[in-house]
Amino acid sequence: MMIGEVAEKSGFSIDTLRYYEKIGLLPNADRDPGGRRFYDRDVLRWLDFLGRLRDLGMPIRDRVLYARLRAEGDSTIEARRTLLQTYRDELATRIGSLTETLDVLDAKIANYDTTSAPLKDAKK
Numbered sequence: 017m018m019i020g021e022v023a024e025k026s027g028f029s030i031d032t033l034r035y036y037e038k039i040g041l042l043p044n045a046d047r048d049p050g051g052r053r054f055y056d057r058d059v060l061r062w063l064d065f066l067g068r069l070r071d072l073g074m075p076i077r078d079r080v081l082y083a084r085l086r087a088e089g090d091s092t093i094e095a096r097r098t099l100l101q102t103y104r105d106e107l108a109t110r111i112g113s114l115t116e117t118l119d120v121l122d123a124k125i126a127n128y129d130t131t132s133a134p135l136k137d138a139k140k
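Here our numbering is used: position 99 in the sequence shown is 115, and no number is missing along the way.
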């Protein structure tokens, strides 16, 4: 796939893809005879994963570290697992906190529904 197609399918801009290649988040793309980048389809799965790491708040330095470890192969599986576990634990904590906040908001909204019902009936 040409870089434009990868950008369209992945949601990352062409500039971002070039930057990711420059800093090592993407492996260097093959080039066609005209010098244009050409990627295989596997890059889309990798970009989806990178996007998820970005969305959970993993800084780019740790995404680059993960990509480097991944490129080094199976000898780095434990280091990759540890890195992902750290961010997974932080995400689970945030989800718990957000769930508690949602419960508080639901209770407050229910309270408003209960207290405003008599007011609505009085206006009829």
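Glycine residues also receive a C-beta, built at the ideal position from the N, C-alpha and C atoms.
Neighbourhood of residue i by C-beta distance below 7 Å, restricted to the same chain and skipping five residues each side
i          : result
residue 95 : 85
residue 66 : 41, 79
residue 47 : 53, 54
Own chain partners of residue i with C-beta closer than 6 Å, once the 5 adjacent residues on each side are dropped
i          : result
residue 55 : 17, 22, 45
Extent of the continuous alpha helix (DSSP H) to which residue i belongs
i          : result
residue 65 : 58–71
residue 85 : 76–88
residue 35 : 30–39
residue 51 : It is not in any alpha helix (DSSP H) - residue 51 carries neither H nor E in the DSSP assignment.
residue 26 : 19–26
C-beta contact flag for residue i and residue j at 8 Å
i          : j           : result
residue 99 : residue 82  : yes
residue 72 : residue 107 : yes
Cut-off 8 Å between Cβ atoms - residues of its own chain near residue i, not counting five sequence neighbours on either side
i          : result
residue 64 : 26
Beta-ladder partner(s) of residue i, from DSSP
i          : result
residue 47 : 53
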